[in-house]
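Peer 1: 1 is the number of the first residue of the sequence shown in UniProt numbering; add one for each residue after it. Mind looking over this structure? Questions follow.
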Amino acid sequence: MKPFEDALKNQPLGPMLSKAASVECISPVSPTAPDAKMLEELQAKTWYQGEMSRKEAEGLLEKDGDFLVRKSTTNPGSFVLTGMHNGQAKHLLLVDPEGTRSNSY
1 MKPFEDALKN
11 QPLGPMLSKA
21 ASVECISPVS
31 PTAPDAKMLE
41 ELQAKTWYQG
51 EMSRKEAEGL
61 LEKDGDFLVR
71 KSTTNPGSFV
81 LTGMHNGQAK
91 HLLLVDPEGT
101 RSNSY
């Protein structure tokens with residue numbers, strides 16, 4: 001199973017943005033700060049890397065299927081799934097189906 005590739009397949013088709021354009025995008029959601037218990041649980045996961053930039057996250061990925069979850073540096077309080085797909089890093093802002101930042105993982 002390749003969780004990152006499966007997540008990409010489930011994304012709705014829409015306008016594609018280049019990486020350069022998407023860096024400047026700010027999410028319209030109003031995130032709430034994660035609680036201490038949630039952060040403690042996240043820090044115990046091997047896939048969670050804490051707050052880091054897109055560039056730093058991309059530097060940790062080596063091959064297709066590699067992924068990590070990180071705190072966003074451009075959307076405070078939000079989390080991002082960063083993974084390698086077809087030799088290219090992809091970044092997905094994690095939101096729940098109602099369009100708000102997800103506290104679940």
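Beta carbons are placed, not taken as given, at the ideal position from N, Cα and C, and that holds for glycine.
In chain order, which beta strand (DSSP E) runs of at least 3 residues are fully inside the UniProt domain "SH2" (47-105)?
Peer 2: Qualifying beta strand (DSSP E) stretches, in chain order: 48-51, 67-71, 79-85 and 88-93.
Peer 1: From S78 to D64, what distance separates their C-alpha atoms?
Peer 2: As a first step, residue 78 must be located in the sequence shown, where it is residue number 78. As a first step, residue 64 must be located in the sequence shown, where it is residue number 64. If I take the Cα positions, the gap works out to 24 Å.
Peer 1: Rounded to whole angstroms, what's the CA-CA distance from residue 138 to R70? Just pull it up for me.
Peer 2: Lying before the first or after the last residue shown, residue 138 is absent from the chain, which here runs from 1 to 105.
Peer 1: By Cβ distance below 6 Å, which residues in the same chain neighbour K90 in space, the five residues on each side in sequence not counted?
Peer 2: Residue mapping note: residue 90 aligns to position 90 of the sequence shown, counting from 1. Only G83 meet the Cβ criterion.
Peer 1: Could you name the residues of the same chain whose beta carbon sits closer than 7 Å to that of D66, not counting the 5 residues immediately before and after it, in chain order?
Peer 2: By 1-based counting over the sequence shown, the position of residue 66 is 66. Excluding sequence neighbours, D66 sits near G83 and M84.
Peer 1: Where does A44 land, buried or exposed, given buried means 16+ other C-beta within 10 angstroms?
Peer 2: The residue labelled residue 44 in the question sits at position 44 within the sequence shown. Exposed, by the Cβ-count rule.
Peer 1: Counting only the same chain and skipping the five closest in sequence on each side, list residues whose C-beta sits under 6 Å from that of W47.
Peer 2: One-based indexing of the sequence shown puts residue 47 at position 47. Within the same chain, W47 has close Cβ partners L68 and V69.
Peer 1: Taking 8 Å as the limit between beta carbons, can you name the residues of its chain near M52, skipping five residues before and five after?
Peer 2: Along the sequence shown, read from residue 1 onward, the residue named residue 52 stands at position 52. Within the same chain, M52 has close Cβ partners R70, K71 and T73.
Peer 1: Look at the Cβ atom of L61, then the Cβ atom of Q49, and state whether they are nearer than 8 Å.
Peer 2: Along the sequence shown, read from residue 1 onward, the residue named residue 61 stands at position 61. Along the sequence shown, read from residue 1 onward, the residue named residue 49 stands at position 49. No, the pair does not count as a contact, with Cβ atoms beyond the cut-off.
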